Amino acid sequence: MVRVRFAPSPTGPLHIGGLRTALFNFLFARKNNGKFILRIEDTDQLRYVPGAEEYIIEALRWVGLDYDEGPDVGGHYGPYRQSERINLYRKYAEELVEKGWAYYAFDTPEELEAMRLRLREAKSPVQLYNHLTRDGMKNSFTMSQQEVKARIEAGEPYVIRFNMPADRQIIVHDIIRGEVKVNSNTLDDKVLFKSDGFPTYHLANIVDDHLMEISHVIRGEEWLPSLPLHVLLYEAFGWEAPQFAHLPLILKPNGKGKLSKRDGDQMGFPVFPLDWTDPKTGEKTRGYREWGYLPEAVINILAMLGWNPGTDQEIFTLEELIDQFSLERVQKSGAKFDPDKARWFNQQHLRRKSNEELAKMFLPILQSHGIDVDMGYLLKVIDLMKDRVEFVEEFWSKGYFFFKPPQDYDAKGLKKAWKEQTPQIMRDLKDKIAQIKNFTAENIEKELKEWVEEKELSFSKVFTPLRLLIQGTTSGPHLFEMLELIGKDEIIKRIEAGLQNIEKKK
RNA sequence: GCCCGGUUCGUCUAGUGGUUAGGACGCCAGGUUUUCAACCUGGAGGUCACGGGUUCAAGUCCCGUACCGGGUGCCA
Numbered sequence: 002m003v004r005v006r007f008a009p010s011p012t013g014p015l016h017i018g019g020l021r022t023a024l025f026n027f028l029f030a031r032k033n034n035g036k037f038i039l040r041i042e043d044t045d046q047l048r049y050v051p052g053a054e055e056y057i058i059e060a061l062r063w064v065g066l067d068y069d070e071g072p073d074v075g076g077h078y079g080p081y082r083q084s085e086r087i088n089l090y091r092k093y094a095e096e097l098v099e100k101g102w103a104y105y106a107f108d109t110p111e112e113l114e115a116m117r118l119r120l121r122e123a124k125s126p127v128q129l130y131n132h133l134t135r136d137g138m139k140n141s142f143t144m145s146q147q148e149v150k151a152r153i154e155a156g157e158p159y160v161i162r163f164n165m166p167a168d169r170q171i172i173v174h175d176i177i178r179g180e181v182k183v184n185s186n187t188l189d190d191k192v193l194f195k196s197d198g199f200p201t202y203h204l205a206n207i208v209d210d211h212l213m214e215i216s217h218v219i220r221g222e223e224w225l226p227s228l229p230l231h232v233l234l235y236e237a238f239g240w241e242a243p244q245f246a247h248l249p250l251i252l253k254p255n256g257k258g259k260l261s262k263r264d265g266d267q268m269g270f271p272v273f274p275l276d277w278t279d280p281k282t283g284e285k286t287r288g289y290r291e292w293g294y295l296p297e298a299v300i301n302i303l304a305m306l307g308w309n310p311g312t313d314q315e316i317f318t319l320e321e322l323i324d325q326f327s328l329e330r331v332q333k334s335g336a337k338f339d340p341d342k343a344r345w346f347n348q349q350h351l352r353r354k355s356n357e358e359l360a361k362m363f364l365p366i367l368q369s370h371g372i373d374v375d376m377g378y379l380l381k382v383i384d385l386m387k388d389r390v391e392f393v394e395e396f397w398s399k400g401y402f403f404f405k406p407p408q409d410y411d412a413k414g415l416k417k418a419w420k421e422q423t424p425q426i427m428r429d430l431k432d433k434i435a436q437i438k439n440f441t442a443e444n445i446e447k448e449l450k451e452w453v454e455e456k457e458l459s460f461s462k463v464f465t466p467l468r469l470l471i472q473g474t475t476s477g478p479h480l481f482e483m484l485e486l487i488g489k490d491e492i493i494k495r496i497e498a499g500l501q502n503i504e505k506k507k
C-alpha cells in the first residue's frame, strides 16, 4: 500500500516549492492507488505563525490536491498535528537512550557556541558535536549515570542527542538520485529531543512516518543532507525505512538561489498560491489565485518544473498528470522559474475553458465595476476576446469598452491615425453607419468596405480612427463583430462624443 | 571551512555509446487580419561547464577541476 504525506511546517504561507512537493506526493499517491496524507509539523513553538495552517489547507484545496487523511479530515492514523502528538515522542527518544543510540546532554547554547567557535578558530576540518568532541562537553559520556539522573530530577534543562556512530559508511538509496554515500564522521550528534519537551523534526518525522505507515518519503532536496541520519534512525529503532525521493529545488528566474518571496515582488510574478498578510508586520503578498492564475495552470506550471512525461505534451490536466506521473522521470537538477512560460500556461488553460465558465469567472469583476450585463451579450464578448487575453481580469482591462464608452483615447494611436481630414471622414462614416439597416457584422463589413472604396479611401484611414472612437485604442477584436455587438445607436453616440472630445483636446 | 547534490540553446527540457543534438517558452521575419491577439510557415540561438581518460565511437561511462545550489541550529 502506497502511503505518502505532505508535511509542511506552519511557519508562514506555503511557498510554491512546497506546493510542488505536495503535488508530486499527490500524483504519486493517486497514480499508485495509495493514500495522500497531510501532516502539520508544528514542533517549533518559536516559529509558529497563526493562520499558516489554514493557509496551507486553503491553498491545497484551491488547486484540488485533496488529501485522504489530515488534521481537518481525520483518519485512522491521527492526530495529524504533531503538537497534538506531543506526549508520544519522549518515549521514543528514551527508547533510543536505553538502546545506546542516544544520550542526554546539558550544554547551554552559549557553551555550544563556544565549542563551535573554538573548532573554527583551530581550523578543524570537522566542526561538529560528535564522537570526537562530545567528550569535552556536558553529557552522558562525561558524567556518571547518577549525576545525569540527579540533574534531570532537579529539573535542569537537557536535550537528547543521537549517538552518531564513528566511521560508518552509510549508503542510502534515493529514487531520483540513486545511491548516495556518506561517512558518518561527517555527521553530528543531532538533537532529537529539545529541552522544551518537543521533538526536533528528525525524531518526530521518523516516528510519525513509521506510525502512519508511510511508504515513500517525497520531499525537497534541502532534506538530502539529513537522509543518512534518518536512515540510521530507522535502523536504531529497528524499523523498516520507507523509500526516499528528493525533489530538485525551484530557483530564481535570473540570478541564483532558491526562489524567495522577494523575487516575486520584484519581478512581477507570485511566489505564493494565495494572498498572504503577515500577521506581525501586516505586510501583504500577492498570490497566484488573486493574480488571476487558474488553479489548473498553477498545477501545470509546477508539474513541469522538474518533471516531464518524455513526450512533447506540455499542457496537462490533473487527471492526465496522475495518469502519466512517475518519480523516475523527475529531474535531478534545480529548475529556474520562468514567469513568461507561467503566463503562457495560464493562457493555454484559459483557452480550454468554455465561454460559460469564463463568463462565470468574469462576472464578479464586472460587478465590481458596477456593470450589470445580459449573459448572452457577455458570452459574445468572451468569444471575441478569448484569444486576446492571458488572464480573466484582462477581459475587463482589454475589453471594458464593450460595457461602457472609452474613457480616454490612446495618444500614440491618435498621433498615428488621426489626420487633418479624419474628422470629416468620421462624420461621413457616421452618416453611412446610420443608414445601415441590417446591422450584422457581415453586412456592416460589406457595406463599409464598399463605402471606403467608393470614396477612394484606404481601409486603415477609415477603420483605425473608427476603432479609436469606439474603443479608445487602435488594436483589439474583430472590428465589425464588435460594431454589431455594441450596437448601432451606441456606435453613433460614441463617434459623436469622440469627435467632440478629440477635437476639444487639440 | 567541511559534507551532499547538480551542470544540454537566455529559460524549461528530450536524449542512457553511433542522430545534421530534438521540442516548448521567449525573441526575430513572413503569411493571415482594418488592427491586435490567436493561428500557420520560417529563422537566429548549443564548442552538451572545463580538462583528462575508457572505447573503433562519448552529451551519454570513469576520474579530476571549476562553477552553481543545498546542508552544516535545542528551524523545519
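For the first sequence, our numbering begins at 2 and goes up steadily by one. The beta-carbon is built from N, C-alpha and C at its ideal position, and this holds for glycine as well. All values reported here derive from a predicted model rather than from experimental measurement.
- DSSP, read as helix, strand or coil, puts residue 31 in helix.
- Here residue 476 is exposed: its Cβ has fewer than 16 other Cβ atoms, across all protein chains shown, within 10 Å.
- Apart from sequence neighbours up to five positions away, the residues of its chain that approach residue 372 with a beta-carbon distance below 6 Å are 404, ordered along the chain.
- Looking at the DSSP output, residue 425 sits in no beta bridge, so it has no partner there.
- For residue 5, the uninterrupted beta strand (DSSP E) run begins and ends at 4-7, by DSSP.
- Inclusion of residue 274 and residue 435 in the CB contact set at 8 Å is not warranted, their separation being larger than that value.
- In terms of Cβ geometry, residue 6 and residue 40 form a close pair [threshold 8 Å].
- For the segment 416-467, the full-length alpha helix (DSSP H) segments reaching 4 residues or more read 423-436, 442-455 along the chain.
- Nearest to residue 149 by alpha-carbon distance, out of 126, 106, 115, is 106.
- Checking the DSSP bridge columns, you'll see residue 173 partnered with 181.
- Within the segment 241-300, the complete beta strand (DSSP E) segments at least 3 residues long are 244-248, listed from N- to C-terminus.
- If you draw a 10 Å sphere on the C-beta of residue 360, you find 16 or more other C-beta atoms in it, and that means buried.
- For residue 381, the uninterrupted alpha helix (DSSP H) run begins and ends at 376-386, by DSSP.
- Shown here, residue 72 sits in coil according to DSSP, grouped into three states, outside any helix or strand.
- In the three-state reduction of the DSSP assignment, residue 390 falls in the coil class, being assigned neither a helical nor a strand state.
- With 16 or more other Cβ atoms inside 10 Å of its own Cβ, residue 472 counts as buried.
- The beta carbons of residue 135 and residue 190 sit about 6 Å from each other, so the pair counts as a contact at 8 Å.
- For residue 200, the secondary structure class from DSSP, reduced to helix, strand or coil, is strand.
- Sequence-distant Cβ neighbours of residue 163 in its own chain, meaning closer than 6 Å and more than five residues away, are 103, 190, 191, 193.
- The beta carbons of residue 227 and residue 247 sit about 10 Å from each other, so the pair does not count as a contact at 8 Å.
- Excluding its 5 nearest sequence neighbours in each direction, residue 280 has C-beta neighbours in its own chain below 7 Å: 50, 51, 52, listed in chain order.
- Under the three-state reduction of DSSP, residue 217 is assigned to strand.
- Rounded to whole angstroms, the separation of the alpha carbons of residue 488 and residue 452 is 19 Å.
- For residue 160, the enclosing beta strand (DSSP E) starts and ends at 160-163.
- For residue 94, the CB contacts under 8 Å within the same chain, skipping 5 residues up- and downstream, are 103, 161, 193, 194, 200, 204 in chain order.
- Sequence-distant partners of residue 56 (beyond 5 residues in either direction) whose C-beta falls short of 7 Å from its own C-beta, in its chain, are 14, 15, 275, 277.
- In this structure, DSSP gives residue 167 a state outside helix and strand, which the three-state scheme calls coil.
- The three-state reading of DSSP puts residue 78 in coil, since its state is none of H, G, I, E or B.
- Around the beta carbon of residue 412, fewer than 16 other beta carbons sit within 10 angstroms, so the residue counts as exposed.
- Here residue 407 is not near residue 340, since their CB atoms are 8 Å or more apart.
- Nearest neighbour of residue 37 by Cα position, chosen from 187, 65, 18, turns out to be 65.
- Rounded to the nearest whole angstrom, the CA to CA distance from residue 62 to residue 68 is 9 Å.
- Shown here, residue 38 sits in a strand according to DSSP, grouped into three states.
- About 13 Å separates the CB atoms of residue 392 and residue 383; that is not less than 8 Å, and the two are not in contact.
- Cβ contact annotation for residue 166 (same chain, cutoff 8 Å, sequence separation greater than five): 132, 185, 233, in chain order.
- Distance check between residue 400 and each of 458, 377, 323, 483 places 483 closest, using alpha-carbon atoms only.
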